Every structure is written in structure tokens, then in C-alpha cells.
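The structure under discussion appears below in the form of C-alpha cells.
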Amino acid sequence: MAALRGRIAGEVDTSERRRAEYSSDASNYRVLPAAVVFPRTDEDVAIALEFARGQGLPVTARGAGTSVAGNAIGPGLVLDFSRHMNRIVAIDPAARVATVQPGVVLSELQRAARPHGLRFGPDPSTQNRCTLGGMIGNNACGPRAVAWGRTSDTVRELRILDGTGTERTLAADLSAVPGLAEFGRANLAVLRTDLGRFARQASGYGLEHLLPERGASAAKAFVGSEGTCGLLLDATVDLVALPAATVLTVLGYPDMATAADDVAAVLACAPIAVEGIDARLVDVVRAHRGLVPDLPRGGGWLFVETAGETQADALAVAQRLCRTAGTMDTRIVTDPGTAAALWRIRADGAGLAGRTPDGRPAWPGWEDAAVPPARLGSYLRDFAALTRDHGVDGLLYGHIGDGCIHVRIDLPIVDAPRRFRAFLFDAAALVVRYGGSLSGEHGDGRARSELLSVMYSPAVLDVFAGYKALFDPDDVLNPGVLVAPRPIDADLRLAGLAGVGQSSGYAFPEDDGDMGVAVHRCVGVGKCRADGGFMCPSYQATRDEKDSTRGRARVLQEVVRGALPWSSEAVAESLDLCLSCRACRSDCPAGVDMATYKSETLYRRYRHRPRPIDHYSLGQLPRWLAVASRMPRVVNALAERGTLRRAGLRAAGLDPRRDVPRLAPRGFRRIWRDLDEGAALAESSYAPGERDRSDGSGEVMLWIDTFTDAFAPEIALAAARLLSTLGYRVRIPERRVCCGLTWISTGQLDGARARLRATLAALEQHIGAGGLVVGLEPSCTAVLRVDLTELLPDDPRSAPTAAAVRTFAEFLAEQPTWRPPKRTGHSVIVQPHCHQHATIGFDAERRLLASVGVKVTEITGCCGLAGNFGMQRGHYDISVAVAENGMVPALRAAGEDAIFLADGFSCRTQAAALTGRQARHLAQFLLDE
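Note that the numbering used here has the sequence shown beginning at -5, numbered continuously upward.
Laid out in C-alpha cells, this is it:
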């Protein structure tokens, strides 16, 4: 590989870590590549292909790696086009075409086309991370294919390298490939009778496009070839006009099969999207996300989007649909925000279908079958009987208007791969009986290529082989897919995988107590690679698969299967830039919690062994702050001496470019004692001018975390003052206790448990009497709400304590007579804390700020400091880059008079360091006169 490295401008990576990251896509399969190549230019692609041919290595093209069929993995060179070859070459609004490199993400193309009133027609649910190259490889569709067709319907011209390394430009004729025209003429009978029988017949090659009556287009026939015939260099594709107005109609039916029976009446209204979703999947979305928008009565729904030149036109079509459809209930939605929320049910369901209703893992493999829409209802009933006969289950959704159904099933891959194989062959026979296709848009890949012999005759399979031979006579490109397929039960990632068993670390209660089960929650859907949002901040900063939640999960999957030790450098590199922000816990559809996995991994690696110095300096920070707080003037003076500060930070394993936060002159606990345990609060200088009489009574415990106590006691004073106006007697724990957050983030779980046990003892009497605990620092509050029960699951005090913990906003929301002060006319920019976003949510704060009457700008994304992460040596640059993706530009754009709210100590510290903006806690804002 050294020879290849020296010849290309891109990168060649043969490390254990990188090979693990690219060993899987979003399928059930695992194949370790020999190397991963990141080409920068067309020449790089050609050189890599030439090198592979000379070395006898296969070549597999990869975009976002979201293939659920297993066609983006291979044993030779894997070429990742998403890293560098991701440029939109040109958009011609007049001709309504765009030319793109293969690594362009679909949502980026949509953003670029939108100002021209245009869009790319197909829009799969992965559109915020899938690439155009992958869409062309799989012939992707999405919900609006019913109006704008499949990817094959959009291509005008494709520039490729075939398997011999020859560059070819495929267009709307057959001349670019020697022998292709003759091949088409020789096989007219097969092409006409066996292929292209209905719109979603995606299995095999799309050779119906070679027919003269279908346009004889080499470009369209190439679409859906799954990387087996050529490597895409760029593509020219059609764009369509954005609809002037749209309306969403939700139709309720007793079940999905009945909804499918009604599809002809729905299609008669010429909708631009017809999607189906089962009630059980909605229940899963509701359980995971909380509330979902109101749906009409039913056990299955069709989401139907209609369009018109005006809103009135679109609404008229929707009303006609409601009159003519055989539905039991309807809802018409004209508000774009409500429509988007309803569509999110469908988008979220696509990921959450990875678990059955009773919590068992569900897998792809038969997630993409399609039948002619007129036969879909009957097929669904027979499919339900088939799953019952095999003792498996799954949640249905899909493109009902096209006859394509998605379902993930709890297939017995781990312990019974033979049953897995038997089910797939029976399912294939069923879909063929209905004149359907094994795949409707995802391709066949490793998951279904062997099943092509069930769907097609030997004559058709010979035609497929002959077509591939015209492009790739030596079978270099993605071998084992479509032609001469690998067995469907070969290379299964989970087959025969033994559990790693319980440690004395995290309990993993939803994963049978097994971290091996937990890390295999990641099935590779790749939402962590999407633009925007909280997940995954390191990937958004580096655009490197290594720094995605999925990439880390793949490495840890190698660990739990015994292929890598816990102490491997590959594991350390993989987890190094994980900020432990926890956003994946809530935002990953599969429920991956990389912060917990990182903590558990560090625990297993370093338990009873020497640790990195920053594990002691930052991981046990509350110890050192307890000492430093006794002499704050001295510590602050020393920290202000630049040379001394930098030397101290280096010695502690921290980045010398960081400032040391100033200690408060007096910690909160000392101030509280001076206030006679809060008894003098109402009469003190911190008390309000007039006490608000309310119905509140009893005591409330204010949780005084280490950071608030040492650095920002004024926040706790503001909170205590406001709580006292509600008629509560405010208490704090009698002695200094800690939630163990810093121990958790550095994997010192024995130490964390010791501190949590002390916390339980300190809170036991108060909570036993029915009292509540109010947290001020979101990360510490999250520990008490979530980590407490996962680290001390057998302590009977854990669950009641977690249930009694509230954020400040949550507690205020529960007070029936309290009314927040009006701040009408003010602008607020607010940074939600990542841990709160992931574990508790920010809804209470949103509602409270809305009731105050301020104009709110909510920052999306991590601040980048993330507790110990941004302080550690080697993390400063990435910490700043993360902040530049969200918080910093938002603060720069905010007006000088905008009030910056951030409850998290890390968020306030990072903002002050990078922008000079001082943030206020919600408690301070509410008391501001």
C-alpha cells in the first residue's frame, strides 16, 4: 500500500481502526477491507483501480455507507468518495440540470438548488447524509418517487471508470460501451418480458432501459448496478420545480393492509407522496420522542401530500381525496410546521424500527420488498402470516403508493442463522408469487443477491452476468454482489457472536446487561453524519468517519467480538475525540449512547492500572476544588501568572492555551452558612423587594454541584431566592456531596459509585418524605436522573431519587400559581446543554421562555468544551472547531442587547473564552429586575 500512497493526492489508510470503521455499512454484514482510500481527484480513482487490478484486489465504492443491503463493503480497497470528491460542479437553472461529484450529500444539492426554485426529485429518508453516488448505485427513490420517479429517471449523463480502468461517458444512447447495443438486441425477449414490469422492480440490473422503446439509455441502465460495473466520477442529473404549494392529508385505516387496498383511490388524486405507517411504529416513536402530533383514528395511516399552483388548489385536491378515499378518519394539515412534525414521525420511525415493540433488536435483510401497488394489501396479509409462521416480528412503513414496504425484523441472526436463511427464501418466494421484487430501492447487495435465483430464471441471470462482463470482465468491482453472489448467510456481523458479560461498571439494563449487545445497537444508519443538530459534534468538525458515533461503534464491535483488545491504540484513537456530549443517546434512532460506552471502555481499560494524568487532575476535580476554594485569592493570583499557569496546565495534562476559571471569593456553602442556612435569605440583600405569596409549601432541596459552589455561587443564590418566594423552605445537603460526573466522564466508575452512594445517603431522608431535588448544573442533574440508576441499579434508593430530581425550569413549571415575569421586547439567545438535551430535554425551558414573552434564538449543537474534553491536551483545536459550528457564529450574529442564557458551566466558560460574551443562568434571568 505504500506504493499507492506515494502516487495519489488522497489518503490510503490500512490501520486496524480504519479497517474496522469501514467493515460494515447499514447492513447485517461485516467484511474487513484491506485498505480504505480517500480519493481527491479523478486521477486518484484511476490510480487506485489500476493498483487494485495489479494486486488482485477487489474495489468497492462507498458514499455515506448507509446501504442496508451490504453493497458498500468489500475485502479489497474501499473508496470513500464522500470525504473529498463532494463538489457540486454546476447547476444550470435554465436547463434544470446539475452536475455533481459522487460524494455530494443530497441535502447539500437540495440547498443549492432551492434558490432557483428547483430540487432533485428522489428524497430517501437518509437525504441529510446519503450521497448522490450511493443513490445512483442503488437507484434510490424516497416518498416522492410516485411523482418524480426514481434516480434512474433523473440521470442524463454519467462519467465513469469501468472495471478495466477505461473512462466512459454514459448518456442516452448505447455507443459508449463496446458491444452494448449488440447485447441489447441479442436479449430483447428477456429484457421485455422479465424486467421493468412495474416501477419498483429494483432487483437485478435495470436493463429494461436498454430497450429502444425505453430510450436505449446506457446511463439509466447503469443506475442501480451497485458499484459492480463502474466507479462514478461525476453525474449530470435532472432537477424538478419545487411545488408552489403543498398540503398534507393523513388518512386513517383499521390497519396497513386495508390502507394498501385503498391506494388506487388515493393515486387517482395525483399526489406527490403516499407514505404508510403502522400504529405500532407510531407507538414506538411516541415512547421514544414523547408526544407526537394528533393523528386521525386508525391502526394504520397514509400520509398523502398533494400540490397545486396555490394553497387553495392543493387544499381542494386534499378535500377531494378525503371524499373519495375509503378511509375511517382524516386530517388535513396546511400549517408547514405541523406537516413537518407529522413527517418526522415517518423519518424517526425509519430508525426506531430497529427495535420491535417489546424491545428486541430488529434487523434489515428483508426491509425493502415491493409488489405492484394493486396487489399490496393481499401481499401484506400473507406477509403477516409468514412472519407469524416463522416466529418473527417487525414494524411496517413504506412507500405505499409505489407498492414498496420497509420492515426490520427480529431475525435470529445471532443464534440461528439457518432460520434466518429459511425465512429469507420463504419471503422471496412470497414476493415473487405476487409478481414483486426482492428490493424496491435499496439494491440487492449481500443481503439479497443470492435470492435473485428465486425471482429470475437462469436466462435472466445469464443476461445479468453478460451485462457486467461488458463493463468489468475481470470481476474487480464489488464482487459477490448481483452476479456470482455470496451466500446471504455468509459474513454476518452477529452470527455466533458471544456476549462480553457484565462488568462492575454500567448495568446496561436495556441491553441484557451486556455491553456487546449495547454497541451492536449501531446498525449503521449514519444519522451521526448528518449536518446540523447536536449529534455528532466531533464528526461535524472533522468530517471523518473516525469521529462519528457509527465509526466508534464499529471499532467497539471489533472489541466485543475479541478482534481488538480494550487497551488497543485503535480503541484509544477512536474514542479520543468523543466529547461525551451524549447527544447520540437521544438523537441516534438506534439509541446508541457513546458517552456511556466510552466511560465503560475507559473503566475496563484502566481499572486497577495507572491512568493518564488528566484522569486525576480533571477526573477528580471536585477533590482539588474543595482544597482550592479555601484559598481562592491565592489560587486565582497564581492562575493569572501566564508562565505559571501554562506550566501547571501542561503538568496536569491540560492544554496550556486554556484559561483557568476564577474561583468565587466565597463558595456558596460558606455564603449559605452566613445566611443562617437560608433562614435570613428573605431579609438579606439577595431577597426580593416583595415576597410572592403562593400555594407552595414544604421544603425543596437545592442540589449544590461542585461547579456552582466553587465558581458561580450567585446562580445558586438566585435560585434559592426565587424558590423562597414560592413559599418553600430551601435546603441544601448538610455536607458536601458530589454526583461523580467527572469520575464518570473519565471512566473511574468505582469512584463515581462511591460518590453516588454518599449522595443517596445525603438525600435519603428528604426524598423519603416526598421532597424534590432541584438541580442547577444540567450535566450533574442528568447524572442524578440517568446515570444513578445505571450505576447503582440494585440500590433501592436509586429509582426514587432519580424520579425526584428536577431541572430548575421543570420545578417552576410544576408550581400552579407561579407566573414568570414578563420580559416582552427582549431578545434571548439560549444554549441548551448537550446532556440535558440528551437525557431530560429542553421543553420546560422552551415553554417558560415563551411565557416570558421574549424573542428566543435557540443554539443547536455542542459548545465544544464539554466538561473535561476541551481542557485536555490535544483537544483545544477540535473544541474550538465544534464551537464554530454552532455557538460561536450564533453569538456573533446576536445583537449586543441580546441576553445570552446558558445553564451549563462548560457552555458559559467556552462562550466567554471564545467570544467574550458573558452568559446568565435561567434563575438569574428570571430574577433580573
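Quick reminder that beta carbons are idealized off the backbone N, C-alpha and C, glycines included.
Computed from a predicted structure; not experimentally measured.
ask   = Could you give the distance in angstroms between the alpha-carbon of VAL629 and the alpha-carbon of ARG652?
value = Within the sequence shown, numbered from 1, the residue matching residue 629 stands at position 635. Within the sequence shown, numbered from 1, the residue matching residue 652 stands at position 658. Roughly 16 Å separates the two Cα atoms.
inquiry  = For GLY545, tell me which candidate among PRO452, LEU571 and ALA557 has the shortest Cα-Cα distance.
reply    = The sequence position of residue 545 within the sequence shown is 551, counting from 1. Taking only the C-alpha atoms, the option nearest GLY545 is LEU571.
query = Considering LYS816, what are the terminal residues of the beta strand (DSSP E) in which it resides?
reply = Taking the sequence shown and counting its residues from 1, one reaches residue 816 at position 822. Element bounds for LYS816: n/a, residue is neither H nor E.
Sub-8 Å separation of ALA756 and ARG729 beta-carbons = Here residue 756 refers to the residue found at position 762 when the sequence shown is read from its first residue. Here residue 729 refers to the residue found at position 735 when the sequence shown is read from its first residue. Contact flag set, yes.
request  = Give the C-beta separation of ALA14 and ARG537 to the nearest angstrom, bearing in mind that I take them to be a contact with Cβ-Cβ under 8 Å.
outcome  = Locating residue 14 in the sequence shown gives position 20, counting from the first residue. Locating residue 537 in the sequence shown gives position 543, counting from the first residue. Contact doesn't hold; Cβ gap of about 19 Å is too wide.
query = What's the call for LEU182, buried or exposed, on a 16-neighbour Cβ count within 10 Å?
reply = Counted from its first residue, the sequence shown places residue 182 at position 188. That one is exposed.
request  = Only counting runs of 4 or more residues, tell me where the alpha helix (DSSP H) segments fall wholly within the segment 30 to 73, in order along the chain.
outcome  = Annotation note: the segment 30 to 73 contains the following uninterrupted alpha helix (DSSP H) runs of length 4 or greater, listed N- to C-terminal: 36 to 49.
Spatial distance of TRP812 from CYS732 (CA atoms) = The sequence position of residue 812 within the sequence shown is 818, counting from 1. The sequence position of residue 732 within the sequence shown is 738, counting from 1. Their Cα atoms are separated by approximately 30 Å.
inquiry  = Whole angstroms are fine: how far does the CA of ALA134 sit from the CA of HIS436?
reply    = Translated into the one-based positions of the sequence shown, residue 436 becomes position 442. Translated into the one-based positions of the sequence shown, residue 134 becomes position 140. Roughly 7 Å separates the two Cα atoms.
task = Measure the Cβ-Cβ separation of ALA913 and LEU716 and say whether it is below 8 Å.
result = The residue labelled residue 913 in the question sits at position 919 within the sequence shown. The residue labelled residue 716 in the question sits at position 722 within the sequence shown. Taking 8 Å as the cut-off, the Cβ atoms of ALA913 and LEU716 do not count as close.
inquiry  = I need the boundaries of the beta strand (DSSP E) containing GLU634, first residue and last residue.
reply    = Indexing the sequence shown from 1 puts residue 634 at position 640. Taken as a continuous stretch (DSSP letters only), GLU634 belongs to no beta strand (DSSP E), as it is neither H nor E.
DSSP-derived helix/strand/coil call for ASP837 = In the sequence shown, residue 837 corresponds to position 843, counting from 1. Reduced to three states, the DSSP call for ASP837 is helix.
task = Could you tell me the boundaries of the alpha helix (DSSP H) in which ALA301 lies?
result = Counted from its first residue, the sequence shown places residue 301 at position 307. Here ALA301 belongs to no alpha helix (DSSP H); instead the beta strand (DSSP E) covers 294 to 302.
query = Excluding sequence positions up to five away, which residues of its chain have a Cβ less than 6 Å from the Cβ of PRO481?
reply = If you number the sequence shown from 1, residue 481 lands on position 487. Around PRO481: GLU444.
message = Judging by CA-CA distance, which residue of VAL654, GLY741 and LEU573 is the nearest neighbour of GLY855?
response = Numbered from 1 along the sequence shown, position 861 holds the residue referred to as residue 855. It is LEU573.
inquiry  = Please classify GLY641 as buried or exposed, where buried requires at least 16 other C-beta atoms within 10 Å of its C-beta.
reply    = In the sequence shown, the residue the question calls residue 641 occupies position 647. The question names Gly, but residue 641 is Ala in the sequence shown. Exposed: under 16 other Cβ atoms inside 10 Å.
key: Where the beta strand (DSSP E) through ALA267 begins and ends   = As a working mapping, residue 267 is identified with position 273 in the sequence shown. Taken as a continuous stretch (DSSP letters only), the beta strand (DSSP E) holding ALA267 covers 267 to 272.
key: ALA875 to LEU126 span [Cα, whole Å]   = As a first step, residue 875 is located in the sequence shown; it is residue number 881 there, counting from the start. As a first step, residue 126 is located in the sequence shown; it is residue number 132 there, counting from the start. The straight-line gap from Cα to Cα measures roughly 27 Å.
request  = Quickly, what does DSSP pair HIS400 with across the bridge? List them, please.
outcome  = Reading the sequence shown from its first residue, position 406 is the one you call residue 400. In the DSSP assignment, HIS400 is bridged to TYR391.
message = Which same chain residues end up closer than 6 Å to GLY345 when comparing Cβ atoms and leaving out the 5 residues on each side of it in sequence?
response = Counting from 1 along the sequence shown, the entry for residue 345 is found at position 351. Around GLY345: VAL519 and PRO583.
query = In the structure shown, what three-state DSSP assignment does TRP924 receive?
reply = Since the first residue shown for the chain is -5 and the last is 923, residue 924 is missing from the structure and cannot be characterised.
query = Does the Cβ-Cβ distance between GLU424 and PHE377 come in under 8 Å?
reply = Taking the sequence shown and counting its residues from 1, one reaches residue 424 at position 430. Taking the sequence shown and counting its residues from 1, one reaches residue 377 at position 383. Per the sequence presented here, residue 424 reads as Leu, with Glu not at that position. Here LEU424 is near PHE377, since their CB atoms are less than 8 Å apart.
task = Would you tell me roughly how many angstroms separate the C-alpha atoms of ALA92 and LEU233, rounded to the nearest one?
result = Locating residue 92 in the sequence shown gives position 98, where the first residue counts as 1. Locating residue 233 in the sequence shown gives position 239, where the first residue counts as 1. LEU233 has its alpha-carbon roughly 7 Å from the corresponding atom of ALA92.
key: Endpoints, beta strand (DSSP E) assigned at LYS849   = On the sequence shown, position 855 is the one that residue 849 refers to. Counting along the chain, the beta strand (DSSP E) containing LYS849 begins and ends at 849 to 852.
inquiry  = Report the start-end ranges of each beta strand (DSSP E) in the segment 704 to 763 that is 3 residues or longer and not cut off at the edges.
reply    = List check, beta strand (DSSP E) in window: 723 to 725.
key: Nonlocal neighbours in the same chain, by C-beta distance under 7 Å from GLY661, ignoring five residues either side   = Position 667 of the sequence shown, counted from the first residue, corresponds to residue 661. Same-chain partners within the cutoff: SER623, ASP703, ALA704 and PRO707.
Simplified DSSP state of ILE665, which is helix, strand or coil = In the sequence shown, the residue the question calls residue 665 occupies position 671. Under the three-state reduction of DSSP, ILE665 is assigned to helix.
key: 8 Å contact criterion, which TRP697 and VAL768 should meet: CB distance rounded   = Position 703 of the sequence shown, counted from the first residue, corresponds to residue 697. Position 774 of the sequence shown, counted from the first residue, corresponds to residue 768. Yes, TRP697 and VAL768 are in contact; Cβ-Cβ is about 6 Å, under 8 Å.
message = Is it buried or exposed, GLN866, if we count other Cβ atoms within 10 angstroms and call 16 or more buried?
response = Sequence index remark: in the sequence shown, residue 866 carries index 872 (1-based). Classification of GLN866: buried, given that the 10 Å Cβ count is 16 or more.
query = With DSSP run on the structure shown, which of helix, strand or coil describes SER678?
reply = The residue you call residue 678 lines up with position 684 of the sequence shown. Reliability fails at SER678, whose pLDDT of 39 lies under 50, so the model's placement of it is uncertain and the value that follows must be treated cautiously. The answer is coil: DSSP assigns SER678 none of H, G, I, E or B.
ask   = How close, in whole Å, do the beta carbons of ASP387 and ASP409 come, if the pair is a contact with beta carbons under 8 Å?
value = For the purposes of this step, residue 387 is taken as the residue at position 393 of the sequence shown. For the purposes of this step, residue 409 is taken as the residue at position 415 of the sequence shown. The Cβ separation is near 16 Å, so there is no contact.
request  = Within 10 angstroms of the Cβ of LEU908, are there 16 or more other Cβ atoms? Answer buried if so, exposed if not.
outcome  = Position 914 of the sequence shown, counting from 1, holds the residue named residue 908. By the Cβ neighbour-count rule, LEU908 is buried, with 16 or more other Cβ atoms within 10 Å of its own.
query = What residue does the alpha helix (DSSP H) around TYR591 start on, and which one ends it?
reply = Position 597 of the sequence shown, counting from 1, holds the residue named residue 591. That run of the alpha helix (DSSP H) goes 588 to 600.
request  = Taking all protein chains shown into account, decide if GLN496 is buried (16 or more other Cβ within 10 angstroms of its Cβ) or exposed.
outcome  = By one-based count along the sequence shown, residue 496 stands at place 502. By the neighbour-count rule (16 or more Cβ atoms within 10 Å), GLN496 is not buried but exposed.
ask   = Where ARG105 and HIS829 are concerned, what is the direct C-alpha to C-alpha distance, given to the nearest angstrom?
value = Along the sequence shown, one-based indexing puts residue 105 at 111. Along the sequence shown, one-based indexing puts residue 829 at 835. Cα to Cα, ARG105 sits roughly 30 Å from HIS829.
task = Using a threshold of 8 Å, state whether the C-beta atoms of GLY359 and ASN862 are closer than that.
result = By 1-based counting over the sequence shown, the position of residue 359 is 365. By 1-based counting over the sequence shown, the position of residue 862 is 868. Taking 8 Å as the Cβ cut-off, GLY359 and ASN862 do not qualify as a contacting pair.
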